[in-house]
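Asks: Residue numbers (the numbering used here): 10 to 350.
In this text, a Cβ means the ideal position worked out from N, Cα and C, and glycines have one as well.
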């Protein structure tokens, strides 16, 4: 069940089939300048660095959120959600300027992708790979090739959408089943489980990870969405920068807030109205039960004066109202030491 998969990820290790994640290779002499121009975060980093970034509309809204990993001086791997993959591909292609030497190659169908996440993930990976996967040799937000037994090469990024130690593993699609089997066998002594979308959603909300199309979209900017950490206003010009600066100068009017339901048995589904003092002040963007925190979790945009820890609100669900309280986020491992262990 979802709860068992969630707890196994937090306490031991779980494997997720994330092959539907959209995967693109951006290459060419102008690949770096192209990505730098359309990304809010700094992309010009050493080979082997994973960067989380938003890409913005001219008005500063979030058009995409994804990771960009530098594989070589002029070669980058872009990974984004399966549901937004076609949207992101079309948007990326539309940003190319005439004469710009940039090529986008879709790798979604040609590569398997596995998420190996949890405190015992390193033990499993160490057992099947010849590469040093210690924290010193393979730090958080870096990437490199390694082998999974005879499955070689496997492009491996140390990043986790579950908020735990772990890696995303990418290789030729024909070797996907074998890669799964190799990891599954090595994980038996560590209590490995196969986990799916329900656990994925619960884990990400405990960690405060946003989902494009639900928590973030073009009508909200990164600062409203709590993603200011992934914006480098001082890096040089990028699309949406001027609009963002104007918004910052004016001051934010709303923010994405984390709320927990006061009744630990209450669960809502998402899109419900959020009420304060009898007035609708927002709606739920994402909701799930947090099995590690023992509460229902909801996210939604609130006026800035209400998006403060301790503010009482209500979530209306099919005529019933459930009391909720704005909470500091993330609810799970706020300092992030588990990711960097």
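I think residue 87 touches residue 33, with their Cβ atoms under 8 Å apart; what is that distance to the nearest whole Å?
Replies: If you number the chain shown from 1, residue 87 lands on position 78. If you number the chain shown from 1, residue 33 lands on position 24. That pair is a contact at about 4 Å.
Asks: Using three-state DSSP, classify residue 47 as helix, strand or coil.
Replies: Taking the first residue of the chain shown as position 1, residue 47 is located at position 38. In the structure shown, residue 47 sits in a helix (DSSP, three-state: H, G or I).
Asks: CA-CA distance, residue 183 and residue 121?
Replies: Walking along the chain shown from the start, residue 183 turns up at place 174. Walking along the chain shown from the start, residue 121 turns up at place 112. Approximately 8 Å between the Cα atoms of the pair.
Asks: For residue 328 versus residue 230, is the C-beta distance shorter than 7 Å?
Replies: Taking the first residue of the chain shown as 1, we reach residue 328 at position 319. Taking the first residue of the chain shown as 1, we reach residue 230 at position 221. Their beta carbons are not under 7 Å apart, which means residue 328 does not touch residue 230 by this criterion.
Asks: By alpha-carbon positions, which one of 170, 198, 35 and 256 ends up nearest to residue 79?
Replies: The residue you call residue 79 lines up with position 70 of the chain shown. Among 170, 198, 35 and 256, the Cα nearest to that of residue 79 is on 35.
Asks: If you follow the alpha helix (DSSP H) that residue 133 is part of, which residue opens it and which one closes it?
Replies: Sequence index remark: in the chain shown, residue 133 carries index 124 (1-based). Taken as a continuous stretch (DSSP letters only), the alpha helix (DSSP H) holding residue 133 covers 130-137.
Asks: Suppose contacts are defined by Cβ-Cβ distances below 7 Å. Is residue 174 in contact with residue 130 by that definition?
Replies: Walking along the chain shown from the start, residue 174 turns up at place 165. Walking along the chain shown from the start, residue 130 turns up at place 121. Yes, Cβ-Cβ distance for residue 174 and residue 130 is below 7 Å.
Asks: Run through DSSP, which three-state label would residue 216 get?
Replies: Locating residue 216 in the chain shown gives position 207, counting from the first residue. The answer is helix: DSSP assigns residue 216 an H, G or I state.
Asks: Please go through the same chain and pick out, in chain order, the residues whose beta-carbon is closer than 8 Å to the beta-carbon of residue 246, but skip the five residues on each side of it.
Replies: The count along the chain shown starts at 1 and reaches residue 246 at position 237. The residues are 46.
Asks: Less than 7 Å between C-beta atoms, sequence neighbours within five positions excluded: which residues of the same chain meet that for residue 248?
Replies: Walking along the chain shown from the start, residue 248 turns up at place 239. Cβ within range, chain order: 46, 47, 65 and 67.
Asks: Given residue 285, which residues of its chain have a CB within under 7 Å of its CB, disregarding the five upstream and five downstream residues?
Replies: Start at 1 with the first residue of the chain shown, and residue 285 comes out as number 276. Once the five neighbours on either side are set aside, the close Cβ partners of residue 285 are 315 and 322.
Asks: How far does the beta strand (DSSP E) with residue 180 in it extend, from its first residue to its last?
Replies: Position 171 of the chain shown holds residue 180. Residue 180 -> beta strand (DSSP E) spans 175-181.
Asks: Given that a residue counts as buried once 16 or more other Cβ atoms are within 10 Å of its Cβ, and exposed if not, what is residue 197?
Replies: The count along the chain shown starts at 1 and reaches residue 197 at position 188. It counts as exposed.
Asks: Note down, in chain order, each residue of its chain lying with its Cβ closer than 8 Å to the Cβ of residue 268, except the 5 sequence neighbours on either side.
Replies: Translated into positions along the chain shown, residue 268 becomes position 259. These residues qualify, in order along the chain: 283, 306, 307, 308, 309, 322, 324, 333, 334, 335 and 336.
Asks: Report buried or exposed for residue 167, applying the criterion of at least 16 other Cβ atoms within 10 angstroms of its Cβ.
Replies: Start at 1 with the first residue of the chain shown, and residue 167 comes out as number 158. By the 10 Å Cβ count, residue 167 comes out buried.
Asks: Check the C-beta distance from residue 117 over to residue 94 and give it rounded, since I have them as a contact under 8 Å.
Replies: Locating residue 117 in the chain shown gives position 108, where the first residue counts as 1. Locating residue 94 in the chain shown gives position 85, where the first residue counts as 1. By a beta-carbon distance limit of 8 Å, residue 117 contacts residue 94. Their separation comes to about 6 Å.
Asks: Do you know whose CA, among 56, 213 and 203, lies nearest residue 26's CA?
Replies: Position 17 of the chain shown, counted from the first residue, corresponds to residue 26. When only C-alpha atoms are compared, the closest one is 203.
Asks: Who does residue 192 pair with in a DSSP beta bridge?
Replies: Taking the first residue of the chain shown as position 1, residue 192 is located at position 183. Answer by DSSP bridge pairing: none, since residue 192 is not bridged.
Asks: Drop a sphere of 10 angstroms on the beta-carbon of residue 278, count the other beta-carbons inside from all chains shown, and report buried for 16 or more, exposed for fewer.
Replies: Reading the chain shown from its first residue, position 269 is the one you call residue 278. Classification for residue 278: exposed.
Asks: Output yes or no for whether 7 Å exceeds the beta carbon distance between residue 98 and residue 227.
Replies: Numbered from its first residue, the chain shown carries residue 98 at position 89. Numbered from its first residue, the chain shown carries residue 227 at position 218. Taking 7 Å as the Cβ cut-off, residue 98 and residue 227 do not qualify as a contacting pair.
Asks: Within the chosen definition, does the region 203-221 reach the region 14-21 through at least 3 CB pairs nearer than 8 Å?
Replies: yes
Asks: In the region 63-108, which residue ranges form an unbroken alpha helix (DSSP H) of at least 4 residues, counting only runs that do not cross its ends?
Replies: 94-103
Asks: From this set, 190, 20, 289 and 239, which residue's C-alpha is nearest residue 218's C-alpha?
Replies: By 1-based counting over the chain shown, the position of residue 218 is 209. Residue 218 has its Cα closest to that of 239, out of 190, 20, 289 and 239.
Asks: Alpha helix (DSSP H) containing residue 260: first to last residue?
Replies: For the purposes of this step, residue 260 is taken as the residue at position 251 of the chain shown. It is not in any alpha helix (DSSP H) - residue 260 carries neither H nor E in the DSSP assignment.
Asks: Given a threshold of 16 other Cβ atoms within 10 Å of its Cβ, counted over all protein chains shown, does residue 142 qualify as buried or as exposed?
Replies: Indexing the chain shown from 1 puts residue 142 at position 133. When all chains shown are included, residue 142 counts as buried.
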